[in-house]
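Encoded as structure tokens, the structure appears first; notes follow it.
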Amino acid sequence: MNPEPLDSVAAPMPTGGMRRWAAALRRELAHNWRIIRADRLGSFGMVVIVFAAFVAVFGPWLMPHDPYASLRMTDGRMAVLQQPGAEFPLGTTNLARDLLSQMIAATRTTMIIGLVSGLISIFIGANIGLIAGYYGGRVDNVLMRLTDIVYGMPFLPFIIVLIALFGRSIGFVMLAIVVIVWRTSARVIRAQTIALKQRQFVAFARARGASDLRIIYRHIGPNILPLLLLYTSFNIAWAIVTEASASFLGFGDPNALTWGGILQDLWVSGYTRRAWWWFAAPSLAIVLLVSAFVFVSRAYEVVANPRLADR
Amino acid sequence: MLLEARNLCVTYRSVHGDVRAVDGLDLSISEHEVFGLVGESGCGKTTLVKALLRLVPAQTRVEADVLRFKGHNLLELPQRRFRREILMREIALVPQSAQNSLNPVQRVGAQIVEAIRAHSSTSRGKAHERVAELFDIVGLQPELMDRFPHEFSGGMRQRAMIAMALVFEPALLVMDEPTTGLDVLVQERLLRRIRAIRERVQSSILLITHDIGVIAETADRVGVMYAGRLVECAPTLPLFEQPWHPYTLGLKNAFPSILELGRELISIPGSPPDLSNPPAGCGFAGRCPFVLDVCHATRPPAVDVATGRVSACTRTADIEHIRAAAAEKVTWHC
Amino acid sequence: MALLSVEHVTKHYRIGRSLGAALRRLPPNWIKPVEDLSFSIAEGEILGIVGESGCGKSTTCNILAKLTDATSGRVLFDGEDVTHLSSAALARYRTQVQLIFQDPFDSLNPRLRAFDLVAEAPRALRLWDEPEIARRVPRMLAFVGLPPERYAQRYPHQMSGGERQRVGIASALVAEPRLVIADEPVSMLDVSIRAGVMDLLRDSSRRLGFSCLYVSHDLSILTHLCDRVMVMYLGQLLEVATSKDLVRSPRRAIRIRARWWLPCRCRTRPTSARRSRSKANSPNRSIRRQGAASRRAVRRR
């Protein structure tokens, strides 16, 4: 036997664990893109998300007016509580502010808060789930009791206390969201990890000399990737809703406008019943964006359940 | 003739195109006979059975010149009549991995009673008696009727599934890989039990497996299947003593024999052809050490090589030379 | 000197008691998959272990591969006591002792390609740097009969059972171990492809010079492959003999039957074969009773 060393291995393997994780992630996303495209609701959701991202990124250039400026109409009067029309496509507020500009400006903040909190919460939840599920025993007990305690924490009193102690700011809103949202993903990923831990390929990895951390992140990790992406999508959706609720109740940052904040302005102004356009725009936007993320998650279900997918 | 099939073809749809799982198969099973169908994984055995029982996915095409069972033309029988009269009653299937088909949260006896009452209007009492009778036939103690599946060992679960299949005394009992996943000792017991069942129940048995040893002990006649086609068919003893087809010779080489303890086991190199693109000629031509050009071009017909024996090989004339050469390792691995 | 020496190894599991039993101070129940096992493997030898399911052979494999620890007893590898190892010593041990798994359909990570699966041991154990791994892995794939240009990038679900098992073997052999433990590597494969995989193991053992511990429930495979065979029953070692001696003149009356493919109605079997086959049909009751008695004694303790 004397086979020559093969240099023609088809695709060069990236070296280094992190790069391999990144390569795996890229492959997974590319594959998932195909899956989402195949599902109509998922495609629709993706379109909405891309559109919202576009508005978020290019917001400052798209806004027709300053969102905080009180505007006058062409005939010189203050543009107070104007219905949607040619001049103000989404109408104006009681302070003569253009709603369209407000919506565009708020999109960026809402998206950032939603994405960042969602991603942080899935990061925390996934790691806790993986570690608790893999190690079991005391580690699992401690982490799951922690999760149970957090489950017992009601959102509203928690955020009230936070705001009362530290004042209203984006940071604390995001903190409150992260604390509430990571719980479910931790439980779910822990369950999946426990199931995967029993599989022979984990024993295989251990017999080949893999350390515990290597098994968790290199072997079990890629197998929970579909579930992880599913819950990332969910978490972002939940983060957006939670942020809108918090802002609506008045706990949002007064300097950073979000869609929930626009609703809060409406509520505080007392014109809820009369200025339907003021109510419609942010509500519809929230519903649409959250639904978009949920539709995309639904398309992922095919990936999470391997029997439905054809790789 | 209990079951007769001529030129049976089963084609199913997959994302990669049409796959010809069964390609022109001729099969005949008589009454009170154990017919063993042997072949590697992926040769189409399970698809054949599923096609017979109409358990194939919706878009599968099942075509044959003749497909008769006890006088009924299976191709033209309406679905309702098929389900009422044939499925479970005349032809019963013990599927692959049957051991895992039992509901883990229901007692075994109760599951069989449920099956009986779902397919006929028998009273609960009579159904219980029937189950007790079946347990006796398959060699399980009657008190096991009230146990859960996890309290049964692998061999016992397999026997419970056979009991379920025997409920309506089918004329044809089909067993798909009954011994896979079991220890040799358990396999031995199960095969002995299958022989005992056969004496008591008078059904024909179609036994499908990849293990020639199982066939050797249990079957009256053997069909060797490869790439969706039947390459050889003969009574058991003559098949093992004097195989006619090179594939059968290859299979014989791969099995240890108590008569030749020191003999080297010779495997067949290569792998079966891709059935989404079935070969024009002989299916085994890609791996056969005795291949000629004509083998790639035309499909060899199944010819009668002796009484009751059929072989689909172009080189039946050279069989003595082929048999001698097949016993050497160099023929297969040069 | 023996490469591996197992001395009086025992493995016990405690089964939980019900609350009532605990309150009544009943002793806990024990399962003893392995009881007072002692044997040794020489350099370059292929030793077989045969026994029915539940006889403790898989547990023995797991103890030797360090997937679980023995409750008592010693394991010596190359003269060194390896019964309890620190993680650094464990890593060193794993470069010398590797395990081949039974189930080719579950033992390969479905998300890793063949290349990564074979490269797992050298990467996890930090044996070589990436360029060296990129040289050795394709060579090992070719060695086990899987041309790397076609197989290195395949996922497990794109390979047949036999091919997957070859990947498993390649992943065990790439680290150049001195002892390979094969836990029923062919029992889940088609009978017609078993010979190829077994031949691969035997030829590799000769060429690469490792010892092999081959576990199976099928004696016919072992007599073909192994120099010596151990018979295990109920966690204990019954006897050790060379393959030929085991079949021809058994020392004890209990035998494990083999899957010979002779038709049972064949009358051309030589009488000696028929005699050993009929002996196999009636397991020695006294040994069975001994086993049962010892289990009862254990429970009473």
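Chains A, B and C, in that order, are what the protein sequence lines are.
FYI, the numbering for the first sequence is 1 to 311, going by our numbering.
FYI, the numbering for the second sequence is 1001 to 1334, going by our numbering.
FYI, the numbering for the third sequence is 2001 to 2301, going by our numbering.
Using N, Cα and C, we set each Cβ at its ideal position, and we do this for glycine too.
Cβ-based neighbour list, residue i, same chain, cut-off 7 Å, excluding 5 preceding and 5 following
i, result
"C/A2175", "T2095, Q2098, A2121, P2122, L2125 and L2127"
"B/P1300", "C1282, A1312, C1313 and T1314"
"C/R2014", "P2028 and W2030"
"B/V1049", "L1093, V1174, D1176 and I1208"
Nonlocal neighbours in the same chain, by C-beta distance under 6 Å from residue i, ignoring five residues either side
i, result
"C/R2259", "Residue placement at C/R2259 is poorly supported in this model, since its pLDDT is 39, which falls under 50; the coordinates still yield a value, given next. Correct list, in chain order: D2218 and S2220."
"A/E4", "Its pLDDT being 34, under 50, A/E4 is placed unreliably in this model, and the value from its coordinates should be taken loosely. Same-chain partners within the cutoff: there are none."
"A/A237", "V290, F293 and V294"
"B/R1080", "none"
"B/A1160", "V1108"
"B/A1051", "V1010 and V1062"
"C/H2012", "W2030, K2032 and T2071"
"B/S1267", "A1254"
"A/A205", "I215 and H219"
Beta-carbon proximity of residue i to residue j, cut-off 9 Å
i, j, result
"C/R2194", "C/L2047", "no"
"A/S233", "A/S169", "no"
"B/V1303", "B/V1310", "yes"
"B/V1094", "B/D1176", "yes"
"C/M2198", "C/F2105", "no"
"A/I224", "A/L266", "no"
"C/L2141", "C/V2118", "yes"
"B/E1169", "B/F1069", "no"
"A/L229", "A/E87", "no"
"B/A1317", "B/A1297", "no"
"C/A2182", "C/V2137", "no"
"A/R190", "A/D140", "yes"
"B/A1325", "B/F1290", "yes"
Identity of the residues DSSP links to residue i by a beta bridge
i, result
"B/Y1226", "B/R1229"
"C/S2236", "The residue you asked about is not Ser; residue 2236 of chain C is Gln in the sequence shown. Paired residues: C/Y2233."
"B/N1073", "B/R1068"
"B/T1209", "B/V1038"
"B/M1164", "BP columns for B/M1164 are empty, so no partner."
"B/D1023", "B/C1009"
"B/P1246", "B/P1246 pairs with nothing; no bridge assigned."
Same chain, Cβ closer than 8 Å to residue i, five either side skipped, listed in chain order
i, result
"B/S1041", "H1210"
"C/T2268", "Note that C/T2268 has pLDDT 31, beneath the 50 cutoff, so the model's placement of it is unreliable and no number is given."
"C/V2075", "L2004, S2005, V2006, E2007, V2009, I2063, L2064, D2081, V2082 and T2083"
"C/S2192", "none"
"B/V1105", "F1148"
"A/M78", "S70, L71, R72 and A96"
"A/Y271", "L81, N94 and W278"
For residue i, the nearest candidate out of the options (CA to CA)
i, options, result
"A/V150", "A/I177, A/R214 and A/F172", "A/I177"
"B/I1137", "B/A1115, B/F1152, B/G1154 and B/M1164", "B/M1164"
"B/F1148", "B/G1125, B/S1123, B/A1110 and B/H1119", "B/A1110"
"A/Y217", "A/A106, A/V202, A/A207 and A/L230", "A/V202"
"B/D1018", "B/G1125, B/V1062 and B/C1288", "B/V1062"
"C/V2144", "C/N2029, C/G2016, C/L2026 and C/L2200", "C/L2200"
"B/V1222", "B/N1007, B/L1185 and B/D1026", "B/D1026"
"B/I1215", "B/H1245, B/F1255, B/R1200 and B/P1278", "B/F1255"
"C/A2239", "C/I2049, C/R2025, C/H2012 and C/L2023", "A small fix is needed here, since residue 2239 of chain C is Glu in this sequence, not Ala. Cα-wise, what sits closest to C/E2239 is C/I2049."
"C/L2234", "C/S2058, C/L2222 and C/M2159", "C/S2058"
"B/T1015", "B/R1054, B/S1028, B/Q1059 and B/R1083", "At residue 1015 of chain B the sequence reads Val, which differs from the Thr that was named. Answer by Cα proximity: B/Q1059."
"B/F1152", "B/R1124, B/V1113, B/R1130 and B/L1102", "B/L1102"
Chain C contact residues for residue i, given Cβ-Cβ distances below 9 Å
i, result
"A/R187", "Near A/R187 there are no residues of chain C at all, since even the closest Cβ is about 23 Å away, more than 9 Å."
Cross-chain neighbours of residue i in chain B, by beta carbon under 7 Å
i, result
"C/V2195", "It should be pointed out that residue 2195 of chain C corresponds to Ala in this sequence rather than to Val. The answer, in chain order, is A1254, L1265, I1266 and S1267."
"C/E2052", "D1183 and L1185"
Beta-carbon neighbours of residue i, restricted to chain A and to distances below 8 Å
i, result
"C/S2302", "Since the displayed chain C opens at 2001 and closes at 2301, residue 2302 of chain C lies outside it and no answer follows."
"C/D2103", "Q200"
"C/A2121", "R208 and G209"
Closer than 8 Å: residue i CB and nearest the ligand GDP heavy atom
i, result
"C/S2038", "The ligand content of the structure shown is nil, which means the ligand GDP is not present either."
Closer than 9 Å at the beta carbon, the chain A residues around residue i
i, result
"C/E2163", "None at all; the shortest Cβ gap to chain A is about 16 Å."
"C/L2125", "R208, G209 and A210"
Listed by chain order, chain C residues near residue i by CB distance under 7 Å
i, result
"A/N141", "Ordered by position in chain C, no residue passes the 7 Å Cβ test against A/N141, which lies about 17 Å from the chain."
"A/R214", "A2124"
"B/S1121", "Per Cβ cutoff of 7 Å: no residues; B/S1121 is ~42 Å from chain C at best."
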